[in-house]
Amino acid sequence: RVDLLPEEPPKVAVVFFDVRSAARAVEALGSTYCVRGAQTGERTVRLAGDAKFDSEDFAGISDVQTDTADEGTYILQFFDIRDAQRYRDSHEKAP
């Protein structure tokens, strides 16, 4: 998504689905032309410890933590918000 920002000089905000793509944009354009902004979208999903998922999905997971507030529950952080949403729709454990 690309949004025109109400600033002078004119600037745009570009939102990427995947944080790896955003990092590549910052690297390619440099800090003179590109600044990392606040995250948009939710990349984390709460899963029951016995939840099943496909091994090919491991490459899309950036972090795994235990949920200290709910024993036996894990929090997966995905690189891409679309992958997180897919898991949320089919696997997420309600708080």
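Using the working numbering, the letters of the sequence shown correspond one by one to residues 1 to 95. Don't be surprised by glycine CBs; every beta carbon is placed ideally from N, CA and C.
In this structure the segment 76-85 lies against the segment 33-46, because at least three pairs of beta carbons, one per stretch, are closer than 8 Å. A direct Cα-Cα distance of roughly 27 Å separates residue 50 from residue 18. As computed with DSSP, residue 74 is found in a beta bridge with 47 and 66. Excluding the 5 residues flanking it on each side, residue 29 has no same chain C-beta neighbour closer than 8 Å.
For residue 80, no alpha helix (DSSP H) segment is defined, and its DSSP state is neither H nor E. By the 16-neighbour rule on beta-carbons within 10 angstroms, residue 5 is exposed.
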